[in-house]
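A short worksheet on the structure shown next.
Written out as structure tokens, the structure reads:
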């Protein structure tokens, strides 16, 4: 049982950002930044300011890595540095420590008044498809019950390349995309604003290591090559996707935007929340045989909020529903020699649980629009309406220790003319 | 009819790099670079050296854009600068000009002794699928005659996201990838080196403009947002691809490597080789209606060369076989608001002609291995063997004016243990 630590910074018991978390982000505040910070309670710890006080000198971290608009150079320092910095920051923040506390005013920033930026430069973005329930649900709707789960699905963490340029940080509004679709029963496609706009409840991990072309990351080493995780909304235009995706996969149905939460929660912070691996019922090839306890129990939820209205939680899911875990995904991704770079992102794929209230997309929650969701204001939703805000939250909790992700939110604006 | 110009630099009549071409690349030579250069005959014109002589001062180009290891900052200056620099370089290189010639020794580098680098930092890489013959051939083999050309194919320039990190420059060897495949007739996948290694004869264009998320590039403006073109070998592991690609598209079957030629041939240089657009026999939506003459007549060929052996040209194709042209591809790519960045690459997809000797992949040339290719040394090839080098070449020629791409080559090395 992990020991519940207290900081000299007051942290509400239900805060996602306890001293056990210490997630990394890029913030901008009056006369600071964009630069690296760590969230704690309602504050951001300015890492560059801490380094300038000399309090991190023993770690031999070049202090300029904290003064940049992305975390890539810091992350590239590698796992031993991530772990030693985490240990040192924990020490500095504990309530019996007097090294940092006298400088509180100079190193702490009000979190809610800061602007958060995309925390990494994403070189390549890959999206997996690793929730069995999601793959089954979508398979039934797009291809029928007979072909729902493809023959390869339990042998391969199926994934595909996504668009890196359109990854945006939480809070950035998203215009409804326009595109080409084929109306049911027609043989002539039409052009216009997407009519079936959806979210996908995902997490994503940030790669923390550069590899050379030809190099593979063995599954035993894969977790140490992962810096941390974020919440991820893989916005999807279902009507565009349906018309375009055979045979080469989703393209414009996805590439208009993907939203990430601003705080990267490290694997070290998630360590207390490990659970047994998902019981895979088909044997996998040796390169995909996972070490034990590579799954994490993280509560996830999606809320929908109309403009000026009251939000409604429309899904409660959990990261534990992933059939394939992150080391399996990364080992598979690199087994062909594909090189990865620090800052690359790998989305989990939509995380749907086993019950209808735990599905991770409108497509599944309303079953293709057949079961609309009733909103508190009396309106209904089959898909996402203009001026709706989609909010995803996630946290792990055990033995009184809470480690959360904050949220990723995004408002849908009408299509541009 | 374009006028055939002569330079004070001797250029062989069959050189790809006549004064009409002036393609851009990043070279490294003794005490120079990596930095920007322009190929002419057997030389490279060192653009930074030319700028330092003050000979480009009237163009107001920041000279440091030529002293960087990628062309992105130069390309970002935009089409008017590309065009004015091309005009000025043409002037400086013409045989009646005496401004640059006295400085020849300081600005010219022996091209064959220089090392060429990847010319751009590729943010995102997209691969299209725009040759009707290729799509039909592959469709027949993977899905049968009935489903060969999907219903969307003549309405959409079908494309998908590829892997940017594994794009390499010509001359870089490629290790045979390893991966998971499903042997015919089996229900248990196996792991090992790819057995059906293939090339794909493609070109790719380099995006020359940054757009904002939500912004679309209208088809009338699309060509001016393209900096230039290269030859592109989209290496493919057919056995890995076949097992993984349904339903989300190719992934590890492609991501182990894609090779590009080092010299970017500008659209301005290709202007004399315009031909009428491909006669599309199905009406397209207005956003895809192409302006006239957006197709180019560029001869393409693929040669195969065993180690220490003699090369054999195994395919002669042409860029004109593209059903969808580049402005159609870029307009489609951005119609949903997907932002593009300078340096982004868009592959054409395999360019196959109408006759069996013009197909752009081994898969098609040998028809899935049923018709092996005989090599000069008496061996045969169904797919690519270890230590084979695949060489692609391309050039346009008209009225005695030749504008070529040079080549993209890559040797296949055995799978890493």
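Residue numbers (my numbering), protein chains in the order written: chain Y, 221 to 637; chain R, 221 to 637.
Each residue gets a CB set at the ideal place from its N, CA and C atoms; glycine is no exception.
Going by DSSP, name the residue or residues bridged to residue i.
i	result
residue 538(R)	519(R)
residue 319(Y)	Looking at the DSSP assignment, residue 319(Y) forms no beta bridge with any residue, so it has no partner.
residue 532(Y)	524(Y)
residue 395(R)	633(R)
residue 427(R)	446(R)
residue 227(Y)	314(Y)
residue 400(R)	411(R)
residue 390(R)	In the DSSP output, where bridge partners are listed per residue, residue 390(R) has none listed.
residue 422(R)	452(R)
residue 248(R)	335(R)
residue 380(R)	347(R)
residue 485(R)	449(R)
residue 594(R)	600(R)
residue 626(R)	614(R)
residue 306(Y)	None; residue 306(Y) has no bridge partner.
Return the first residue and the last residue of the alpha helix (DSSP H) that residue i is part of.
i	result
residue 257(Y)	Careful: residue 257(Y) lies outside any alpha helix (DSSP H), inside the beta strand (DSSP E) at 252 to 260.
residue 285(Y)	Per DSSP, residue 285(Y) belongs to no alpha helix (DSSP H) and is neither H nor E.
residue 458(Y)	458 to 464
residue 370(R)	No alpha helix (DSSP H) contains residue 370(R), which DSSP labels as neither H nor E.
residue 546(Y)	546 to 554
residue 294(Y)	292 to 295
residue 416(R)	Where residue 416(R) is concerned, there is no enclosing alpha helix (DSSP H), given that its DSSP letter is neither H nor E.
Residue i touches chain Y at which residues, Cβ-Cβ below 7 angstroms?
i	result
residue 400(R)	375, 376, 505
residue 452(R)	Under the 7 angstroms cutoff, chain Y gives no residues; its nearest Cβ is about 16 angstroms from residue 452(R).
residue 477(R)	433
residue 344(R)	383, 384, 385
residue 463(R)	372
residue 397(R)	556, 557
In chain Y, what lies closer than 8 angstroms to residue i by C-beta?
i	result
residue 513(R)	Per Cβ cutoff of 8 angstroms: no residues; residue 513(R) is ~24 angstroms from chain Y at best.
Can you pull the chain R neighbours of residue i, defined as C-beta to C-beta under 9 angstroms?
i	result
residue 561(Y)	385
residue 349(Y)	467, 468
residue 636(Y)	434, 435, 436, 557
Taking residue i as the query, report the chain Y residues whose CB atoms sit under 9 angstroms from its CB, ordered along the chain.
i	result
residue 440(R)	The contacting residues do not exist; residue 440(R) stays about 16 angstroms from chain Y at best.
residue 460(R)	556
residue 526(R)	The premise fails here: residue 526(R) is roughly 22 angstroms from chain Y at the closest Cβ pair, so nothing lies under 9 angstroms.
residue 388(R)	433
With residue i as the anchor, note down where its beta strand (DSSP E) starts and where it stops.
i	result
residue 588(Y)	Neither: residue 588(Y) is in no beta strand (DSSP E) and is coded neither H nor E.
residue 268(Y)	Here residue 268(Y) belongs to no beta strand (DSSP E); instead the alpha helix (DSSP H) covers 267 to 272.
residue 615(Y)	609 to 618
residue 354(R)	Looking at the DSSP string, residue 354(R) is not in any beta strand (DSSP E); the run it does join, the alpha helix (DSSP H), is 352 to 363.
residue 329(R)	328 to 330
residue 347(R)	345 to 348
residue 480(Y)	478 to 480
residue 558(Y)	Unbroken run through residue 558(Y): none, as it is neither H nor E.
residue 565(R)	565 to 567
At 8 angstroms on the CB atoms, spell out the chain B contacts of residue i, in chain order.
i	result
residue 466(Y)	The structure shown contains no chain B; the protein chains it does contain are Y and R.
Listing by chain order, which chain R residues have their CB less than 7 angstroms from the CB of residue i?
i	result
residue 413(Y)	Within 7 angstroms Cβ-Cβ: nothing; residue 413(Y) doesn't reach chain R, min ~10 angstroms.
residue 409(Y)	375, 505
*Check each residue of the segment 356 to 386 of chain Y: if its Cβ is closer than 7 angstroms to any Cβ of chain R, include it; give the result in chain order.*
With the criterion set as a beta carbon lying under 7 angstroms from some beta carbon of chain R, the members of the segment 356 to 386 of chain Y are 370, 372, 375, 376, 378, 379, 380, 381, 382, 383, 384, 385, 386, in sequence order.
*Should the segment 321 to 337 of chain Y be regarded as contacting the segment 265 to 273 of chain Y, the criterion being three or more beta carbon pairs within less than 8 angstroms?*
In short, these stretches touch, since the Cβ pair count reaches three.
*Relative to chain Y, which residues along the segment 587 to 601 of chain R have a C-beta separation below 9 angstroms, given in chain order?*
Near chain Y, meaning a CB-to-CB distance below 9 angstroms, no residue of the segment 587 to 601 of chain R qualifies.
*asked:* So, does the segment 421 to 434 of chain Y touch the segment 443 to 455 of chain Y, judging by three or more C-beta pairs under 8 angstroms?
replied: Touching, yes, given that three or more Cβ pairs across the two stretches are closer than 8 angstroms.
*Mind checking the segment 551 to 584 of chain Y against chain R and listing, in chain order, the residues whose C-beta falls within less than 8 angstroms of any C-beta there?*
If the cut-off is 8 angstroms between Cβ atoms, the segment 551 to 584 of chain Y has 552, 553, 555, 556, 557, 558, 559, 560, 561, 564 near chain R.
*asked:* Under 8 angstroms, with one C-beta from each stretch per pair, do the segment 409 to 416 of chain Y and the segment 499 to 508 of chain Y reach the 3-pair mark?
replied: Counting Cβ pairs under 8 angstroms, fewer than three are found: no touch.
*Could you please tell me which residues of the segment 289 to 311 of chain Y, in chain order, have their CB closer than 9 angstroms to any CB of chain R?*
Residues of the segment 289 to 311 of chain Y with a C-beta atom less than 9 angstroms from some C-beta of chain R do not occur.
*Contact residues within the segment 530 to 548 of chain R, judged by C-beta distance below 7 angstroms to chain Y*: Close to chain Y, meaning a Cβ-Cβ distance shorter than 7 angstroms, is no residue of the segment 530 to 548 of chain R at all.
*asked:* Against chain Y, which members of the segment 469 to 498 of chain R pass a CB distance test of less than 9 angstroms?
replied: Contact annotation: in the segment 469 to 498 of chain R, residues whose CB is within less than 9 angstroms of a CB in chain Y are 469, 470, 471, 472, 473, 474, 475, 476, 477.
*Can you list, in chain order, the residues of the segment 251 to 278 of chain Y whose Cβ is nearer than 9 angstroms to any Cβ on chain R?*
Listed in chain order, the positions of the segment 251 to 278 of chain Y with a beta carbon within less than 9 angstroms of a beta carbon of chain R would be empty, since no residue qualifies.
_Under 8 angstroms, with one C-beta from each stretch per pair, do the segment 547 to 555 of chain R and the segment 574 to 591 of chain R reach the 3-pair mark?_
The segment 547 to 555 of chain R makes no contact with the segment 574 to 591 of chain R, as fewer than three CB pairs between them are under 8 angstroms.
_Is it the case that the segment 369 to 384 of chain R contacts the segment 463 to 476 of chain Y, given that we only count it when at least three CB pairs across the two stretches are under 8 angstroms?_
Because the criterion of three Cβ pairs below 8 angstroms is met, the segment 463 to 476 of chain Y and the segment 369 to 384 of chain R touch.
*asked:* Measuring CB atoms only, is the segment 235 to 244 of chain R touching the segment 622 to 631 of chain R, in the sense that at least three cross pairs come out at less than 8 angstroms?
replied: They touch, by the three-pair rule.
*Is there contact between the segment 288 to 305 of chain R and the segment 428 to 440 of chain R, where contact requires at least three CB pairs shorter than 8 angstroms?*
Contact between the segment 288 to 305 of chain R and the segment 428 to 440 of chain R is present, because at least three Cβ pairs lie under 8 angstroms.
*At a cut of 8 angstroms, does the segment 525 to 532 of chain Y reach the segment 343 to 361 of chain Y through at least three beta carbon pairs?*
The segment 525 to 532 of chain Y, when compared against the segment 343 to 361 of chain Y, does not touch it at the 8 angstroms Cβ threshold.
*Going along the segment 317 to 344 of chain R in order, which residues come within less than 7 angstroms of chain Y, judged by CB to CB distance?*
For the segment 317 to 344 of chain R, residues whose beta-carbon sits nearer than 7 angstroms to a beta-carbon of chain Y comprise 343, 344.
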